[in-house]
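*Asks:* I'd like to ask some things about the structure below.
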Amino acid sequence: MKVQHDIVIVGSGLAGMRCAIAIAEKNSGVSVALISKTYPIRCHSVCAEGGTAAVLQPEDNFDLHAWDTVKGSDFLADQDAVETFVRECPKEIYALDRWGCPWSRTEDGRIAQRPFGGHSFPRATFAMDRTGFHEVHTLYERLHVYENIQFYNEFFTTNLIVEDDRIKGLTAIDMKNGDLVVFEAKAVVIATGGAGRLYGFTTYSHTVTGDGMAIAYRCGVPLKDMEFFQFHPTGLVPSGILITEACRGEGGYLINREGERFMKKYAPERMELAPRDVVARAMWREIIEGRGFEGENGPYIALDLRHLGEERIEDRLPLIRDMCRKFVGIDPVEEPIPVRPVAHYTMGGIHVNVNCETPINGLFACGECACVSIHGANRLGANSTAECLVFGRIAGEKALEYATNVDFKSVSREEYIEEEKRLFDEMLGKSGDESPYRIKKELNETMDKNLWIFREGESMKDAVKKIKDLKERYKNVEIVDKSKGFNTDLTSTIELGYMLDLAEVVAVCALLRRESRGAHYRWDYPKRDDENWLKHSLAYKTADGVKVDYIPVTITKWKPVERKY
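First residue of the sequence shown: 828, per the working numbering; consecutive thereafter.
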């Protein structure tokens, strides 16, 4: 089956939906396909809780937001991209407000904002602690205003079709019946989110397997800065569900088993509102040095909200209270919450410029799957949902500009047949003695052990070796379910292949970067090294494995200095 649209967007989270709206707002005659392996309102973006950063108050300013972001990135962010980003953020907040997003308000009716880690001004705009949920639903409702957007829900993207460094379209499985569908397009936008399911203890939904990153990587697009993976300080024990930074923004404390607010030792000025890499390392040090609480699900740190009182918790953090009751059987009004650092965000991603353009003509990427780079080595809280909105819009506008100036390049029947054979004959047809689920479990264990908050050369070498072994074993997996309709055995196995490719990139790039910067901390190289490592990594897929090159960081106003909080 073959369908044709001017622009195809893969991914229906915040970035993908904002991209589609940007196109439709500019041109109602352009045909837009929005492809997703889930339904849009089930995207992982609904899990964002705490806020969306933007300069809204006269006491705040763009330079301050940009400086906080650059400093938070440990000076690896491209400063021209950051300056564009911070100036566009307020426009997105007000657009969502016009479209009906129920922002929390101050008593005088203004849009409310609260403090977040690493920000020197309270600029996290929020809707209680369900910010992502309300942003997603606002955009989803807005999408239905436009008649030129067509949804392809539960379509699983498998490959891009590229010829002469130009996009022709892509292939996807219609999960309802198992048919392979070819989408011809003038432009394609990838907005598929991060790769957090590389890890076992993670805040990510099970759908977040890095599909778009891996597909682009396999088609020759480099992945940038993949060694930088964020660990959020507060994942609920034992599930890993996100306990929003807003808990600390509202005044929550982190307590060790001695009853000490230990952040005074690590970041005395910011305490619990230091950037995430600083807080996560501090918590992990407390745990490995024996000052964590011991529980049946392993060691943890206590997040104490009791002093905030029931009224404030119910007003500002109702979801957190509800989750704690349901998942661990405690009420944070009365008891501290058991938390520990958890894999949370992919700072790296598909290499794009500030216009969201990849090296392939007509292929764009935005949101967490892309690396512009505004986060560098460490993302500040509340900058991620803002990134999805800002660069989702920019990607849509730039894709529209491109698509209006080119014609379709027809996809041949041979290309379609080749992809169909690869998926159904090779993957479904073969027998083997390996279970994809066993391989995935071992991958998660390897990442959790060897590429966690504190890293070391020998253990990362072990990780690279183990991942390569898993990739060899993956060639011998057997998919037990041979049917076509809703074959989650097939799609899960394809996802595993994506994750193995990405895990190898993360491990190789981390091993090569011989310094500590942001979320990448090495025991054997504990200092930041600007002389040798103030540069972005670019990972390319080759027949011999991962090839890594480097490009300089763009510095405009702020020279790197020692990072203190």
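From the three backbone atoms N, C-alpha and C, an ideal C-beta is built for every residue, glycine too. Only a predicted model underlies this, so the values are computations on that prediction, with no experimental measurement involved.
What residue does the beta strand (DSSP E) around Ile1280 start on, and which one ends it?
*Replies:* Sequence index remark: in the sequence shown, residue 1280 carries index 453 (1-based). No beta strand (DSSP E) holds Ile1280; DSSP gives it neither H nor E.
*Asks:* Pick from Glu974, Cys928 and Lys995: whose alpha carbon is nearest that of Ser1239?
*Replies:* As a working note, residue 1239 is residue 412 in the sequence shown. Here the closest residue by C-alpha is Lys995.
*Asks:* In three-state DSSP terms, what is Asp1376?
*Replies:* Start at 1 with the first residue of the sequence shown, and residue 1376 comes out as number 549. It is a strand residue.
*Asks:* Which residue from Gly1079, Lys1003, Ala904 and Ser863 puts its Cα closest to that of Pro1165?
*Replies:* As a working note, residue 1165 is residue 338 in the sequence shown. The option with the nearest alpha carbon to Pro1165 is Gly1079.
*Asks:* Does DSSP put Arg1344 in a helix, in a strand, or in coil?
*Replies:* In the sequence shown, residue 1344 corresponds to position 517, counting from 1. If DSSP states are grouped into helix, strand and coil, Arg1344 belongs with the strands.
*Asks:* Taking Cβ positions, are Asp907 and Ile1187 nearer each other than 8 Å?
*Replies:* Here residue 907 refers to the residue found at position 80 of the sequence shown. Here residue 1187 refers to the residue found at position 360 of the sequence shown. Contact annotation: Asp907 and Ile1187 have beta-carbon atoms that are not nearer than 8 Å.
*Asks:* State the CB to CB distance for the pair Thr1071 and Glu876, rounded to an integer number of angstroms; the pair is presumed to be in contact (CB under 8 Å).
*Replies:* Looking up residue 1071 in the sequence shown gives position 244. Looking up residue 876 in the sequence shown gives position 49. Confirmed, Cβ separation roughly 4 Å.
*Asks:* Assess contact between the segment 884-892 and the segment 844-864, defined as three or more Cβ pairs (one per stretch) separated by less than 8 Å. Is contact present?
*Replies:* no
*Asks:* Taking only the alpha-carbon atoms, compute the straight-line gap between Pro942 and Ala1290 and give it to the nearest angstrom.
*Replies:* By one-based count along the sequence shown, residue 942 stands at place 115. By one-based count along the sequence shown, residue 1290 stands at place 463. Their Cα atoms are separated by approximately 37 Å.
*Asks:* In chain order, what are the residue ranges of uninterrupted alpha helix (DSSP H) at least 4 long that sit wholly in the segment 1110-1193?
*Replies:* Counting whole runs of 4 or more residues, the segment 1110-1193 contains the alpha helix (DSSP H) stretches 1137-1143 and 1145-1155.
*Asks:* How many Å lie between Arg1220 and Cys846 at the Cα?
*Replies:* What you label residue 1220 is simply residue 393 of the sequence shown in a count that begins at 1. What you label residue 846 is simply residue 19 of the sequence shown in a count that begins at 1. Spanning the two alpha carbons is a distance of roughly 5 Å.
*Asks:* Please list the segments of the alpha helix (DSSP H) lying wholly inside the segment 1033-1096, counting only runs of 4 or more residues, in order along the chain.
*Replies:* Complete alpha helix (DSSP H) runs here, min 4: 1038-1045, 1073-1076 and 1090-1093.
*Asks:* Should the segment 1224-1235 be regarded as contacting the segment 1008-1023, the criterion being three or more beta carbon pairs within less than 8 Å?
*Replies:* yes
*Asks:* Does Phe1191 pass the burial test, meaning 16 or more other C-beta atoms within 10 Å, or should it be called exposed?
*Replies:* Walking along the sequence shown from the start, residue 1191 turns up at place 364. Buried, since its Cβ has 16 or more Cβ neighbours within 10 Å.
*Asks:* Considering only residues of the segment 962-1034, which uninterrupted beta strand (DSSP E) runs meet the minimum length of 3 residues and lie entirely inside it, listed in chain order?
*Replies:* 976-980, 982-990, 993-1001 and 1006-1017
*Asks:* Taking Cβ to Cβ, would you say Tyr1325 is nearer than 8 Å to Gly944?
*Replies:* Counting from one through the sequence shown, the residue named residue 1325 turns up at place 498. Counting from one through the sequence shown, the residue named residue 944 turns up at place 117. Taking 8 Å as the Cβ cut-off, Tyr1325 and Gly944 do not qualify as a contacting pair.
*Asks:* In the DSSP assignment, find the unbroken alpha helix (DSSP H) run with Lys898 in it and report its ends.
*Replies:* For this step, residue 898 is matched to residue 71 along the sequence shown. Here the alpha helix (DSSP H) through Lys898 covers Phe889 to Gly899.
*Asks:* Can you say whether Gly1223 is buried or exposed, counting buried as having 16 or more other CB atoms within 10 angstroms of its CB?
*Replies:* Counting from 1 along the sequence shown, the entry for residue 1223 is found at position 396. Buried: at least 16 other Cβ atoms inside 10 Å.
*Asks:* Please return the same chain residues whose Cβ sits closer than 7 Å to the Cβ of Ile1306, not counting the five positions on each side in sequence.
*Replies:* The sequence position of residue 1306 within the sequence shown is 479, counting from 1. The answer, listed in chain order, is Met1254, Leu1255, Asp1316, Leu1317 and Thr1320.
*Asks:* Helix, strand or coil for Leu1365, going by three-state DSSP, please let me know.
*Replies:* Your numbering for residue 1365 matches position 538 in the sequence shown. Reduced to three states, the DSSP call for Leu1365 is strand.
*Asks:* Anyone know if the C-beta pair for Ile1017 and Ala851 falls short of 8 Å?
*Replies:* On the sequence shown, position 190 is the one that residue 1017 refers to. On the sequence shown, position 24 is the one that residue 851 refers to. Contact flag unset, no.
*Asks:* Are three or more beta carbon pairs between the segment 1152-1172 and the segment 1119-1129 nearer than 8 Å?
*Replies:* yes
*Asks:* Run through DSSP, which three-state label would Val882 get?
*Replies:* To locate residue 882, count along the sequence shown from 1; it is residue 55. Three-state DSSP puts Val882 in coil, outside helix and strand.
*Asks:* Please list the terminal residues of the continuous alpha helix (DSSP H) segment that includes Leu1255.
*Replies:* To locate residue 1255, count along the sequence shown from 1; it is residue 428. Element bounds for Leu1255: n/a, residue is neither H nor E.
*Asks:* Report, in whole angstroms, the separation of the C-beta atoms of Phe953 and Gly878, which I expect to be a contact under 8 Å.
*Replies:* Here residue 953 is taken as the residue at index 126 of the sequence shown, counted from 1. Here residue 878 is taken as the residue at index 51 of the sequence shown, counted from 1. At roughly 4 Å, the Cβ-Cβ gap stays under 8 Å, so Phe953 and Gly878 are in contact.
*Asks:* Does the separation of the CB atoms of Arg1103 and Gly1208 fall below 8 Å?
*Replies:* As a first step, residue 1103 is located in the sequence shown; it is residue number 276 there, counting from the start. As a first step, residue 1208 is located in the sequence shown; it is residue number 381 there, counting from the start. For Arg1103 and Gly1208, yes; Cβs fall inside 8 Å.
*Asks:* Could you check which residue in Thr1029, Ile1082 and Asn986 has the C-alpha nearest to that of Met1040?
*Replies:* If you number the sequence shown from 1, residue 1040 lands on position 213. It is Asn986 whose Cα lies nearest to the Cα of Met1040.
*Asks:* Closer than 8 Å by C-beta to Pro982: which residues in its own chain qualify, once you throw out the five before and the five after it? Chain order, please.
*Replies:* Here residue 982 is taken as the residue at index 155 of the sequence shown, counted from 1. Pro is not the amino acid found at residue 982; the sequence shown has Phe there. Result list for Phe982: Ile862, Ser863, Lys864, Ala999, Ile1000, Asp1001, Met1002 and Val1008, in chain order.
*Asks:* For a minimum of 3 consecutive residues, which ranges assigned as the beta strand (DSSP E) are wholly contained in the segment 1278-1338?
*Replies:* none
*Asks:* Going by alpha carbons, who is nearest to Thr1034 out of Ile1042, Tyr1044, Ala1043 and Gly1023?
*Replies:* As a working note, residue 1034 is residue 207 in the sequence shown. Thr1034 has its Cα closest to that of Gly1023, out of Ile1042, Tyr1044, Ala1043 and Gly1023.
*Asks:* What residue range is occupied by the uninterrupted beta strand (DSSP E) comprising Ile836?
*Replies:* Position 9 of the sequence shown, counting from 1, holds the residue named residue 836. Run containing Ile836: Lys829 to Val837, per the beta strand (DSSP E) assignment.
*Asks:* Within this structure, are the beta carbons of Phe1218 and Cys1196 separated by less than 8 Å?
*Replies:* Here residue 1218 refers to the residue found at position 391 when the sequence shown is read from its first residue. Here residue 1196 refers to the residue found at position 369 when the sequence shown is read from its first residue. No.
*Asks:* Closest to Ile1280 by C-alpha separation, out of Tyr1301, Phe889 and Pro1353, would be which residue?
*Replies:* Taking the sequence shown and counting its residues from 1, the one referred to as residue 1280 is at position 453. For Ile1280, the nearest C-alpha among the options comes from Pro1353.
*Asks:* Who are the Cβ neighbours of Glu1113 in its own chain at under 7 Å, not counting the five residues just before and after it?
*Replies:* As a first step, residue 1113 is located in the sequence shown; it is residue number 286 there, counting from the start. Setting aside the 5 residues that flank it on each side, Glu1113 is surrounded in the same chain by Asn1083, Phe1089, Gly1119 and Ile1128, each with a C-beta closer than 7 Å to its C-beta; the list follows chain order.
*Asks:* From the DSSP output, in three-state form, read off Thr952 for me.
*Replies:* Locating residue 952 in the sequence shown gives position 125, where the first residue counts as 1. Thr952: strand per DSSP, three-state reduction.
*Asks:* Whole-angstrom Cβ separation of Gly1175 and Met1053, contact assumed at under 8 Å?
*Replies:* Working through the sequence shown from its first residue, we reach residue 1175 at position 348. Working through the sequence shown from its first residue, we reach residue 1053 at position 226. So it is a contact: roughly 4 Å between Cβ atoms.
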